[in-house]
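The block underneath contains the structure these notes are about, expressed in structure tokens.
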Amino acid sequence: MATVIEQCQVAPPPGGATEVTLPLTYLDLFWLGFHRMRRILFYKLSISKSDFVQNIIPPLK
48 MATVIEQCQV APPPGGATEV TLPLTYLDLF WLGFHRMRRI LFYKLSISKS
98 DFVQNIIPPL K
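Taking my numbering, the leading residue of the sequence shown gets 48, the next gets one more, and so forth.
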């Protein structure tokens with residue numbers, strides 16, 4: 048089981064990369080019927096929860 052520590056929204060930095068789109072081709076039609084897989088990977092860490100919250104999470108925000 049997983050425990051949610053904090054939820055936050057992350058926006059791209061201002062002046063980031065421009066959005067690029069590619070046109071679909073007839074070869075893409077086969078894949079349109081499939082749903083994308085969304086995976087969350089969980090890892091056991093060798094550090095404590097407080098170290099994780101204080102040292103790992105802040106740079107990710």
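Just so it is clear, CB atoms sit at the ideal spot from N, CA and C, and this is done for glycine as well.
Kindly indicate which residue of the options has the alpha-carbon position closest to the one of residue i.
{"i": "L107", "options": "R85, V51, A49 and A58", "result": "A58"}
Kindly give me the distance between the Cβ atoms of residue i and residue j, rounded to whole angstroms, as I take these residues to be in contact under 8 Å.
{"i": "F99", "j": "L92", "result": "6 Å"}
So the alpha helix (DSSP H) residue i belongs to, where does it begin and stop?
{"i": "I104", "result": "I104 to L107"}
Contained alpha helix (DSSP H) runs [length at least 4] in the segment 67-95, N- to C-terminal order: With a minimum length of 4 residues, no continuous alpha helix (DSSP H) run stays inside the segment 67-95.
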